[in-house]
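Note sheet for the following structure.
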Amino acid sequence: MGVRLSKNLIIKELQEQCTDLGVKLSLEETRKVITAFEHTIEEAILAADSKEYDSFGFSFGQFKVIDVPQRSGHSSLFGKDWVTGAHKRVHLQFSAPLKRRLKEETLKPVE
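With the numbering used here, the residue at position 71 of the sequence shown is 84, and numbering never jumps.
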């Protein structure tokens with residue numbers, strides 16, 4: 014199993030990227046930027062239906078809010094019928110250039 018990249022490491026990496034672009038931020042300021050970005054994405058996902066859009070994106074990928082229809086079935090384990098109501102689900106589709114780059118950087122030679 015892989016190792017999880019912590020939020021603190023992402024914050025430090027973002028701080029370094031900002032410095033490389035000429036924007037000096039303290040770790041606390043960088044943390045606030047990440048928090049604001051997270052809240053903005055959450056609000057955009059939750060507001061998608063009322064704002065009449067179903068997707069939004071960045072250079073790395075596209076967030077899509079998808080309608081999931083009602084489903085029902087019968088549990089063979091418990092012998093009971095079940096129903097899950099219609100709802101929305103969020104999906105992140107990564108961009109083709111990012112997927113291609115990941116493949117190129119991790120491709121192992123065929124033996």
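Idealized CB from N, CA, C, for every residue including glycine. Small disclaimer: the values here were computed from a predicted structure and weren't measured.
What runs of the beta strand (DSSP E), each 3 residues or longer, lie entirely inside the segment 22 to 54?
-> The beta strand (DSSP E) runs of length 3 or more contained entirely in the segment 22 to 54 do not exist; there are none.
Where do the ends of the beta strand (DSSP E) carrying leucine 105 lie?
-> In the DSSP annotation of this structure, the continuous segment of the beta strand (DSSP E) that includes leucine 105 starts and ends at 100 to 107.
Are at least three pairs of beta-carbons, each pair with one atom in the segment 77 to 93 and one in the segment 108 to 118, less than 8 angstroms apart?
-> Not touching, per the Cβ criterion.
Minimum C-alpha distance to glycine 86 - residue among Phe76, Ile79, Thr97 and Asp80 | Of the candidates Phe76, Ile79, Thr97 and Asp80, the residue whose Cα lies closest to the Cα of glycine 86 is Thr97.
Should alanine 109 be labelled buried (16 or more other beta-carbon atoms within 10 Å of its own) or exposed?
-> Per the 10 Å Cβ criterion, exposed.
Distance CB(isoleucine 58)-CB(valine 78) smaller than 8 angstroms = Going by C-beta atoms, isoleucine 58 is nearer than 8 angstroms to valine 78.
Is there at least one Cβ from chain D nearer than 8 angstroms to isoleucine 54's Cβ?
-> Absent here is chain D; the protein component of the structure consists of one chain.
DSSP three-state call for serine 63: helix, strand or coil?
-> Three-state result, serine 63: helix.
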